[in-house]
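Chains as they are written, first to last, in my numbering: chain A, 1 to 360; chain B, 1 to 272. Following: one structure in structure tokens, then a few remarks.
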Amino acid sequence: MHIPDGYLSPSTCATLYAGSVAGWYAALKRLKRSLLSRLVPLISVFAAFAFVVMMFNLPLPGGTTGHPVGVTVAAIVLGPSGAILAISIALAIQALFFGDGGITTLGANCFNMAIVGSLVAYASYRLIAAGAAIASKRRIAAAAVAGYLAINASAFVAAIELGIQPLLFHDAAGTPLYAPYPLSIALPAIMIGHLSFAGLAEAVISAGLVAYLEVADPKLLRKTSGITVGGEERLGAAQLTSAFPRRLWLAVALLMLVTPVGILATGKAWSEWSPVEFAANGSKAQVAAAATMSTATIPVGMQRLASLWTAPFPAYAPAFVKSAAFGYLLSAMFGVGFVLAVCLLAQHCLDRRRSAGHSL
Amino acid sequence: MNHRGFVAPTMMGFAQALSRPLMSEEIARRRGLLQALDPRVRVVGLLALVLADTFSRRLSIVLGLCALAVVIAVLSKVSIGTLAKRVWLIVLVFTGVIALPAIFVTPGDRMATLAGGSLHITRQGLTAAALLIARVETAVTFTTLLILCTPWAHVLKALHSFGLPNELTAMLAMTHRYVFLLVEAAGQMLESRQSRRVGRLTAGEERRLAARTVGVLLSKSIELSNDVYLAMQSRGFEGEVRVLSDFSMQPLDYAGLFAFLAASVAAVWIGR
Numbered sequence: 001m002h003i004p005d006g007y008l009s010p011s012t013c014a015t016l017y018a019g020s021v022a023g024w025y026a027a028l029k030r031l032k033r034s035l036l037s038r039l040v041p042l043i044s045v046f047a048a049f050a051f052v053v054m055m056f057n058l059p060l061p062g063g064t065t066g067h068p069v070g071v072t073v074a075a076i077v078l079g080p081s082g083a084i085l086a087i088s089i090a091l092a093i094q095a096l097f098f099g100d101g102g103i104t105t106l107g108a109n110c111f112n113m114a115i116v117g118s119l120v121a122y123a124s125y126r127l128i129a130a131g132a133a134i135a136s137k138r139r140i141a142a143a144a145v146a147g148y149l150a151i152n153a154s155a156f157v158a159a160i161e162l163g164i165q166p167l168l169f170h171d172a173a174g175t176p177l178y179a180p181y182p183l184s185i186a187l188p189a190i191m192i193g194h195l196s197f198a199g200l201a202e203a204v205i206s207a208g209l210v211a212y213l214e215v216a217d218p219k220l221l222r223k224t225s226g227i228t229v230g231g232e233e234r235l236g237a238a239q240l241t242s243a244f245p246r247r248l249w250l251a252v253a254l255l256m257l258v259t260p261v262g263i264l265a266t267g268k269a270w271s272e273w274s275p276v277e278f279a280a281n282g283s284k285a286q287v288a289a290a291a292t293m294s295t296a297t298i299p300v301g302m303q304r305l306a307s308l309w310t311a312p313f314p315a316y317a318p319a320f321v322k323s324a325a326f327g328y329l330l331s332a333m334f335g336v337g338f339v340l341a342v343c344l345l346a347q348h349c350l351d352r353r354r355s356a357g358h359s360l
Numbered sequence: 001m002n003h004r005g006f007v008a009p010t011m012m013g014f015a016q017a018l019s020r021p022l023m024s025e026e027i028a029r030r031r032g033l034l035q036a037l038d039p040r041v042r043v044v045g046l047l048a049l050v051l052a053d054t055f056s057r058r059l060s061i062v063l064g065l066c067a068l069a070v071v072i073a074v075l076s077k078v079s080i081g082t083l084a085k086r087v088w089l090i091v092l093v094f095t096g097v098i099a100l101p102a103i104f105v106t107p108g109d110r111m112a113t114l115a116g117g118s119l120h121i122t123r124q125g126l127t128a129a130a131l132l133i134a135r136v137e138t139a140v141t142f143t144t145l146l147i148l149c150t151p152w153a154h155v156l157k158a159l160h161s162f163g164l165p166n167e168l169t170a171m172l173a174m175t176h177r178y179v180f181l182l183v184e185a186a187g188q189m190l191e192s193r194q195s196r197r198v199g200r201l202t203a204g205e206e207r208r209l210a211a212r213t214v215g216v217l218l219s220k221s222i223e224l225s226n227d228v229y230l231a232m233q234s235r236g237f238e239g240e241v242r243v244l245s246d247f248s249m250q251p252l253d254y255a256g257l258f259a260f261l262a263a264s265v266a267a268v269w270i271g272r
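Spelled out as structure tokens, the structure:
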């Protein structure tokens with residue numbers, strides 16, 4: 001997954017460097033607030049640890065081997081900000097000192113593995129292990145799933161970056177100037193290897209490590225466990241609600257308010273056509289041009305499946321609302337409310353199951 | 001079934017990692033072109049050439065840059081055999097495997113037909129594969145020349161003088177140092193386990209062994225970071241990192257910088 005120099009165009013490299021710089025800045029700022037001078041040796045040694053972990057060739061089912069990235073372990077022990085910095089530094093050392101991964105593509109590699117990998121690993125681990133005791137087997141399973149998902153999410157992003165190259169960067173004769181395969185080839189080619197082997201390597205090492213730490217050094221699992229340090233007391237739902245950052249609520253509210261801006265955009269997003277929109281001249285011309293066809297007709301499958309489900313708020317505009325902007329706002333409120341309701345219901349079910357477990 | 005297990009290949013990887021800096025230090029001490037230049041000129045110049053290689057859209061220009069890399073290597077007393085073994089062969093195998101199918105799957109003007117008409121070699125596919133391989137070979141050669149001819153501490157000082165934040169410079173320096181310490185510790189753990197082993201481990205047992213080894217390594221790393229932090233505090237560290245920068249540019253450095261930048265700009269301009 002370490003993309004070498006020459007596979008990505010300069011503009012892709014620049015864009016992903018910008019994305020990575022934003023991630024590093026946010027991570028550094030967040031860590032500085034909490035760790036101050038403790039930051040430097042901790043991240044440095046952990047980056048060195050991640051570097052060494054990447055050198056382990058693990059035997060995998062099927063007789064093959066694969067090497068982990070260590071991003072999941074970093075996210076579980078340090079949290080996402082620490083993991084982003086530690087893995088980025090390990091990748092920088094690999095590129096600058098060992099020539100593994102390019103220098104122009106360092107931003108892309110850090111974005112894929114350090115930023116996307118850390119965030120996916122952390123979110124999935126926290127979600128699956130939510131409320132589990134430190135020594136729980138659920139934490140081991142959560143680490144395995146988080147590792148598998150993190151590596152595959154990173155690989156997926158890398159595959160998209162490589163797959164868009166021939167589409168965007170080719171000469172007048174159609175010769176691809178960088179990675180030569182379109183998404184239809186790049187995605188399966190990269191994902192098959194990661195879904196079958198590389199993801200397993202990360203899952204095995206993450207699960208094994210959490211199992212080891214549960215016995216040998218459980219305090220290392222506390223930082224991201226959601227469990228208070230004093231006792232094994234978990235934050236209750238009410239405490240969680242009050243601890244939920246107020247600024248995040250404000251951001252959600254602000255985003256809901258600006259949703260009607262979407263009305264200003266003209267045209268239809270690529271591949272989101274309904275059969276009626278597909279039949280419109282503009283869309284047909286777009287499809288015909290992209291598929292090098294003389295004309296585009298409505299696919300039979302699309303026409304057949306389109307009537308299978310009718311959305312209650314089609315096109316974010318409930319039938320009983322006359323104003324399009326208010327329809328957007330209402331849809332945003334409904335969507336956010338629905339997600340919150342599902343989360344609260346899941347929380348309620350988990351709490352009930354836990355209290356039933358305690359009373360036994 | 002993989003009969004070599006994980007211990008032997010992993011230990012071999014560790015040994016290779018430990019041997020690399022020794023080789024780099026030996027080459028960096030030689031009296032050659034790159035070694036004679038200020039480290040900042042080396043960093044800027046070679047990175048500019050890597051960028052020019054990425055920007056160039058013409059195969060002839062990329063091949064010209066590759067030839068320039070060979071000339072710089074020879075003048076810097078870097079053996080062509082070392083480059084062939086460390087860079088060219090590895091990149092050729094790795095990128096070649098990736099680039100080869102492009103010859104057949106890239107749509108374009110047909111040049112030849114194989115396998116009874118089911119496979120077509122296209123001009124565009126051939127050019128794309130050659131361009132990719134040449135570009136990657138050239139970029140990795142320039143990067144390797146930088147690594148081989150410049151001690152890591154000088155690379156970091158140079159990056160710091162270009163505005164890399166102090167914290168990041170310190171972290172990169174410390175990480176580099178502790179990579180070798182931890183590689184050595186992990187190697188010793190595996191070696192001691194290997195020396196006490198009778199018979200062959202199953203794949204499952206090897207996975208458990210790997211997880212335990214990594215677990216112990218993690219505990220050691222955290223312990224080490226605590227020790228380092230205490231040592232830093234005992235020396236008066238208060239969160240402010242200072243890096244000494246004692247480089248000074250000589251006329252030869254300015255000439256080198258001009259030559260690197262002129263070659264890069266020319267390559268981008270002609271190869272656009």
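No residue lacks a Cβ here, since even glycine has one placed at the ideal position from N, Cα and C.
>> Quick check: what's the CA-CA separation for B:ARG135 versus B:ASP53?
In response: By one-based count along the second sequence, residue 135 of chain B stands at place 135. By one-based count along the second sequence, residue 53 of chain B stands at place 53. In a straight line, the C-alpha of B:ARG135 is about 6 Å away from that of B:ASP53.
> List, in order along the chain, the chain A residues whose C-beta lies closer than 9 Å to that of B:ARG20?
Replying inline: For the purposes of this step, residue 20 of chain B is taken as residue 20 along the second sequence, with counting starting at 1. Those are PHE97 and PHE98, listed as they occur along chain A.
>> With three or more C-beta pairs closer than 8 Å as the rule, is the region 48 to 55 of chain A touching the region 174 to 183 of chain B?
In response: The region 174 to 183 of chain B is in contact with the region 48 to 55 of chain A.
>> Using the Cβ count rule (16 or more neighbours within 10 Å means buried), how would you classify A:GLY236?
In response: One-based indexing of the first sequence puts residue 236 of chain A at position 236. The predicted model places A:GLY236 with a pLDDT of 38, which falls under 50 and marks its position as unreliable; any figure quoted below should be read in that light. The residue is exposed, with fewer than 16 neighbouring Cβ atoms inside 10 Å.
>> I want to know whether the region 163 to 172 of chain A touches the region 99 to 106 of chain A - three or more CB-CB distances under 8 Å.
In response: no
>> Would you say the beta carbon of A:SER20 is closer than 8 Å to some non-hydrogen atom of the ligand HEM?
In response: No copy of the ligand HEM appears in this structure; indeed no ligand is present at all.
> Can you tell me where the beta strand (DSSP E) with A:ILE115 in it begins and where it stops?
Replying inline: Here residue 115 of chain A corresponds to residue number 115 of the first sequence, with the count starting at 1. Under the DSSP assignment, A:ILE115 falls outside any beta strand (DSSP E); it carries neither an H nor an E label.
> Which of the three DSSP states, helix, strand or coil, is assigned to A:MET1?
Replying inline: The sequence position of residue 1 of chain A within the first sequence is 1, counting from 1. The answer is coil: DSSP assigns A:MET1 none of H, G, I, E or B.
> Taking just the CA atoms, how far does A:THR72 sit from A:ASN112?
Replying inline: To locate residue 112 of chain A, count along the first sequence from 1; it is residue 112. To locate residue 72 of chain A, count along the first sequence from 1; it is residue 72. Their backbone Cα atoms lie some 13 Å apart in a straight line.
>> Any beta carbon from chain A within less than 9 Å of B:MET232's own beta carbon?
In response: Mapped onto the second sequence, residue 232 of chain B falls at position 232. Yes, because at least one Cβ of chain A sits closer than 9 Å to the Cβ of B:MET232.
>> One question on the structure: do B:LEU33 and B:THR82 come within less than 9 Å of each other, judged by their Cβ atoms?
In response: Indexing the second sequence from 1 puts residue 33 of chain B at position 33. Indexing the second sequence from 1 puts residue 82 of chain B at position 82. Going by C-beta atoms, B:LEU33 is not nearer than 9 Å to B:THR82.
>> For B:ARG208 and A:GLY208, which I take to be in contact (beta-carbon distance under 8 Å), what is that distance rounded to the nearest angstrom?
In response: Counted from its first residue, the second sequence places residue 208 of chain B at position 208. Counted from its first residue, the first sequence places residue 208 of chain A at position 208. The C-beta distance from B:ARG208 to A:GLY208 rounds to 7 Å, short enough to fall under 8 Å.
> Taking Cβ-Cβ distances below 8 Å as the criterion, which residues of the region 114 to 134 of chain B are in contact with chain A?
Replying inline: Taking 8 Å as the upper bound on Cβ-Cβ separation, chain A lies near residues ARG123, GLN124, GLY125, THR127, ALA128, ALA129, LEU131 and LEU132 of the region 114 to 134 of chain B.
> Any residues in the region 209 to 229 of chain A with a beta carbon nearer than 8 Å to a beta carbon of chain B? Which ones, in chain order?
Replying inline: Within the region 209 to 229 of chain A, the qualifying residues are LEU209, ALA211, TYR212, LEU213, ALA216, ASP217 and LEU220.
> Which whole-angstrom value is the C-beta distance of A:ALA86 and A:LEU78, which I expect to be below 8 Å?
Replying inline: Within the first sequence, the letter at position 86 stands for residue 86 of chain A. Within the first sequence, the letter at position 78 stands for residue 78 of chain A. Confirmed, Cβ separation roughly 6 Å.
> By the 10 Å Cβ neighbour count, where 16 or more other Cβ atoms means buried, how is B:LEU257 classified, buried or exposed?
Replying inline: Translated into the one-based positions of the second sequence, residue 257 of chain B becomes position 257. Looking at its Cβ environment, which holds 16 or more other Cβ atoms inside 10 Å, B:LEU257 is buried.
> Using 8 Å as the Cβ pair cut-off and three pairs as the minimum, do the region 173 to 189 of chain A and the region 210 to 221 of chain A touch?
Replying inline: no
> Given that A:PRO10 touches chain B, what residues does it touch there, using C-beta distances under 8 Å?
Replying inline: Your numbering for residue 10 of chain A matches position 10 in the first sequence. For A:PRO10, the neighbours in chain B by C-beta distance under 8 Å run, in chain order, LEU51, THR54 and PHE55.
> Nearest to A:SER225 by CA position, among A:CYS110, A:SER88 and A:SER124, is which residue?
Replying inline: Taking the first residue of the first sequence as position 1, residue 225 of chain A is located at position 225. For the residues A:CYS110, A:SER88 and A:SER124, the minimum Cα distance to A:SER225 belongs to A:SER124.
> From which residue to which residue does the beta strand (DSSP E) around B:ARG110 run?
Replying inline: One-based indexing of the second sequence puts residue 110 of chain B at position 110. Here the beta strand (DSSP E) through B:ARG110 covers 110 to 114.
>> Does the CB of A:VAL71 have a neighbour CB from chain B at under 9 Å?
In response: Numbered from 1 along the first sequence, position 71 holds the residue referred to as residue 71 of chain A. No, no contact with chain B.
> Whose CA, out of B:LEU145, B:ILE133 and B:MET111, lies closest to the CA of A:PHE98?
Replying inline: Within the first sequence, residue 98 of chain A is the residue found at index 98, counting from 1. Per the Cα distances, B:LEU145.
> Along the chain, where does the alpha helix (DSSP H) that runs through B:LEU65 open and close?
Replying inline: By one-based count along the second sequence, residue 65 of chain B stands at place 65. B:LEU65 -> alpha helix (DSSP H) spans 59 to 75.
> By Cβ distance below 6 Å, which residues in the same chain neighbour B:GLY271 in space, the five residues on each side in sequence not counted?
Replying inline: Sequence index remark: in the second sequence, residue 271 of chain B carries index 271 (1-based). Closer than 6 Å at the Cβ level, and outside the excluded window around B:GLY271, lie SER56, ARG57, ARG58 and ILE61.
> With B:ILE133 and B:THR95 assumed to form a contact (beta carbons below 8 Å), what rounded beta-carbon distance in angstroms separates them?
Replying inline: Residue numbering aside, residue 133 of chain B sits at position 133 when the second sequence is read from its first letter. Residue numbering aside, residue 95 of chain B sits at position 95 when the second sequence is read from its first letter. Beta-carbon to beta-carbon, B:ILE133 and B:THR95 are separated by about 5 Å, close enough to satisfy the 8 Å threshold.
>> Would A:TYR148 and A:ALA203 qualify as a contact pair, given that the criterion is a beta-carbon distance under 9 Å?
In response: For the purposes of this step, residue 148 of chain A is taken as residue 148 along the first sequence, with counting starting at 1. For the purposes of this step, residue 203 of chain A is taken as residue 203 along the first sequence, with counting starting at 1. Against a cut-off of 9 Å, the Cβ pair of A:ALA203 and A:TYR148 comes out as a contact.
> So, is the C-beta of A:ALA290 closer than 9 Å to a C-beta in chain B?
Replying inline: Position 290 of the first sequence, counted from the first residue, corresponds to residue 290 of chain A. At A:ALA290, the pLDDT of 48 sits below 50, so the modelled position is not reliable; the number obtained from the coordinates is stated separately. Judged by the 9 Å Cβ criterion, A:ALA290 is not in contact with chain B.
> Starting from B:THR143 and walking both ways along the beta strand (DSSP E), at which residues does that stretch end?
Replying inline: Residue numbering aside, residue 143 of chain B sits at position 143 when the second sequence is read from its first letter. Counting along the chain, B:THR143 falls outside any beta strand (DSSP E), though it belongs to the alpha helix (DSSP H) covering 123 to 149.
> Closer than 9 Å, CB to CB, is A:GLY391 near chain B or not?
Replying inline: Residue 391 of chain A lies beyond the range of chain A shown here (1 to 360); nothing can be said about it.
> Taking the continuous alpha helix (DSSP H) assigned at A:LYS219, which residues delimit it?
Replying inline: Numbered from its first residue, the first sequence carries residue 219 of chain A at position 219. Neither: A:LYS219 is in no alpha helix (DSSP H) and is coded neither H nor E.
> A:PHE372 CB to nearest chain B CB: under 9 Å?
Replying inline: The displayed coordinates of chain A run from 1 to 360. Any statement about residue 372 of chain A would go beyond what the structure contains.
> Is the Cβ of A:LEU167 closer than 9 Å to any Cβ of chain B?
Replying inline: The sequence position of residue 167 of chain A within the first sequence is 167, counting from 1. Judged by the 9 Å Cβ criterion, A:LEU167 is not in contact with chain B.
> Who are the neighbours of B:ALA15 on chain A, taking C-beta pairs under 8 Å?
Replying inline: Your numbering for residue 15 of chain B matches position 15 in the second sequence. Going along chain A, no residue has its Cβ under 8 Å from B:ALA15, so there is no contact; the nearest lies around 11 Å.
> Does the region 149 to 159 of chain B come within contact of the region 107 to 118 of chain B, defined as at least 3 CB pairs closer than 8 Å?
Replying inline: no
>> Can you list, in chain order, the residues of its chain with a C-beta nearer than 6 Å to that of B:ALA267? Leave out the 5 residues immediately preceding and following it.
In response: Counting from one through the second sequence, the residue named residue 267 of chain B turns up at place 267. Cβ within range, chain order: ALA52, SER56, ILE61 and LEU65.
> In terms of alpha-carbon separation, which member of A:SER81, A:GLN94, A:SER323 and A:ILE160 lies closest to B:THR175?
Replying inline: As a working mapping, residue 175 of chain B is identified with position 175 in the second sequence. Of the candidates A:SER81, A:GLN94, A:SER323 and A:ILE160, the one whose C-alpha sits nearest the C-alpha of B:THR175 is A:GLN94.
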